[in-house]
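Single-structure report; data block below.
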Amino acid sequence: MTIEQALRRHSLPRLESRMLLMRVWPGLTHAAIVGHPERELAADIAAAFDALAARRLAGEPMAYLIGAREFYGRDFQVSPAVLIPRPETEHLIELALACVDPAAPARAVDLGTGSGIIAVTLALEAPGWSVGAVDVSADALAVARGNADALAARVDFRLGSWFAPLDADARFDLIVSNPPYIERGDHHLAEGDLRFEPRGALTDEADGLACLREIAAGAPARLADGGWLMVEHGYDQGEAVRALFADSGLSQVETIRDLAGQDRVTIGRKAG
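According to the UniProt record's numbering, the sequence shown is numbered sequentially starting from 1.
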């Protein structure tokens with residue numbers, strides 16, 4: 001079977017087929033596919049390609065099949081142990097760098113880091129910061145550590161739930177999080193890419209606010225005076241999250257909308 005025959009073998013978009021073929025054929029490039037469509041596939045390559053194509057046709061996300069997704073201009077490795085990076089989360093990065101001087105020393109921590117996209121990006125964009133990251137999943141932390149190593153980012157990774165694994169006396173200028181915020185019964189959990197992503201990173205198995213409540217309640221004791229808390233949340237949760245922040249004593253509470261005009265990130269500051 002030739003490259004051209006392989007690409008026509010499955011009813012996938014041609015770009016996806018090319019990406020899957022490059023995944024299973026080490027060293028194969030787009031240029032080689034276009035320039036030499038008559039090249040023959042080895043039997044093991046053809047079998048591996050067919051297997052990936054079948055998974056894609058069943059709906060599995062391309063990010064998991066090729067093992068990577070771009071975020072903030074960098075390629076991050078992903079696996080089914082972590083959420084797939086989404087461009088909306090870049091708003092969290094931009095807000096962090098706008099509110100805390102990236103050129104000055106600061107302490108930041110990412111709660112529920114997953115693949116590490118937030119912590120690693122902050123460490124690279126603000127190399128003078130001391131950045132930590134926490135996740136309850138050892139498998140997720142393994143992915144995050146791999147990304148930090150691959151991108152030469154200095155991040156202190158801790159295994160545990162939210163604030164628990166942090167040093168008792170640690171105080172932060174910035175606490176960021178993209179926690180599970182989907183309500184247990186939300187139909188989206190059974191649709192699209194979400195079907196394949198780790199459920200525990202998507203939903204709190206409650207009303208969608210359980211993790212956000214815990215983070216908001218615990219943040220003031222962990223923030224330095226003048227420090228910021230920033231969380232990503234659902235499009236319909238802005239008002240509820242602002243109330244959680246206000247109840248915890250944070251000031252300058254505000255919800256920022258994404259490019260689609262929907263509530264995306266809520267921020268608040270500890271007085272001082």
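Where a beta carbon is used, it is the ideal one built from N, C-alpha and C, also for glycine.
Just so it is clear, the structure is predicted and the values come from calculations on it, not from any experiment.
Taking buried to mean at least 16 other C-beta atoms within 10 Å of its own C-beta, is residue i buried or exposed?
i, result
"G59", "exposed"
"L223", "buried"
"A95", "Just to set this straight, residue 95 is Leu in the shown sequence, not Ala. Buried, because 16 or more other Cβ atoms sit within 10 Å of the Cβ of L95."
"A119", "buried"
"L15", "exposed"
"D139", "exposed"
"P61", "buried"
How far does the beta strand (DSSP E) with residue i in it reach, from first residue to last?
i, result
"F76", "74-77"
"E232", "223-232"
"D110", "106-111"
"A47", "That residue, A47, is in no beta strand (DSSP E); its alpha helix (DSSP H) goes 43-57."
"G132", "129-135"
"I256", "251-257"
"L159", "155-159"
"A68", "68-71"
Between which two residues does the alpha helix (DSSP H) containing residue i stretch?
i, result
"E239", "238-247"
"G268", "Counting along the chain, G268 falls outside any alpha helix (DSSP H), though it belongs to the beta strand (DSSP E) covering 263-269."
"R145", "138-151"
"V24", "14-24"
"V34", "30-35"
"L174", "Where L174 is concerned, there is no enclosing alpha helix (DSSP H), although the beta strand (DSSP E) it sits in stretches over 172-177."
"T2", "First-last for T2: undefined, no H or E at that position."
"T121", "117-125"
"I93", "90-99"
Give me the Cβ distance between residue i and residue j, rounded to the nearest whole Å; I'm assuming they're in contact under 8 angstroms.
i, j, result
"L28", "L52", "Their Cβ separation, rounded to whole angstroms, is 13 angstroms, which puts L28 and L52 out of contact at 8 angstroms."
"S251", "A219", "About 13 angstroms separates the two Cβ atoms, so there is no contact after all."
"I182", "G234", "7 angstroms"
"L174", "A246", "With 8 angstroms as the limit, L174 and A246 do not qualify as a contact, their Cβ atoms being about 19 angstroms apart."
"G112", "S11", "Not quite, the Cβ-Cβ distance comes to about 37 angstroms (not below 8 angstroms), so this is no contact."
"A203", "P180", "First, the amino acid is wrong: residue 203 is Thr here, not Ala. So it is a contact: roughly 5 angstroms between Cβ atoms."
Enumerate in chain order the residues of its own chain whose CB-to-CB distance from residue i is below 8 angstroms, with the five nearest sequence positions on each side excluded.
i, result
"P102", "E125, A126, G128, W129"
"D156", "S130, V131, G132, A133"
"R257", "D263, R264"
"E4", "P37, E38"
"R171", "R107, R222, L223, A224, G227"
Excluding the five sequence neighbours on either side, which residues of its own chain have a C-beta within less than 6 angstroms of the C-beta of residue i, listed in chain order?
i, result
"L41", "M1, A6"
"I66", "M19, R23"
"V253", "R242, F245, A246, G268"
Going along the chain, which residues of its own chain have a beta-carbon closer than 7 angstroms to the beta-carbon of residue i, five neighbours each way excluded?
i, result
"H30", "R18"
"G272", "D225, G226"
"Y72", "E90, I93, T121"
"L141", "D135, F157, L159"
"S137", "A81"
"I45", "V24, W25"
"A206", "R184"
"A153", "V120, A123, L124"
Would residue i pass as an interface residue toward chain B - the criterion being a Cβ-Cβ separation below 8 angstroms?
i, result
"L189", "Note that chain B does not occur in the displayed structure, where there is just one protein chain."
Determine contact between the region 80-98 and the region 20-37, defined as no fewer than three beta-carbon pairs at a distance below 8 angstroms. No: fewer than three Cβ pairs fall under 8 angstroms.
The region 187-199 contacting the region 223-242, beta-carbon criterion three pairs below 8 angstroms: No, the region 187-199 is not in contact with the region 223-242.
Would you call the region 54-73 and the region 222-238 in contact, with 3 or more CB pairs under 8 angstroms? Pairwise C-beta distances place the region 54-73 out of contact with the region 222-238, as fewer than three of them are shorter than 8 angstroms.
Between the region 143-155 and the region 205-213, are three or more C-beta pairs nearer than 8 angstroms? The region 143-155 is not in contact with the region 205-213.
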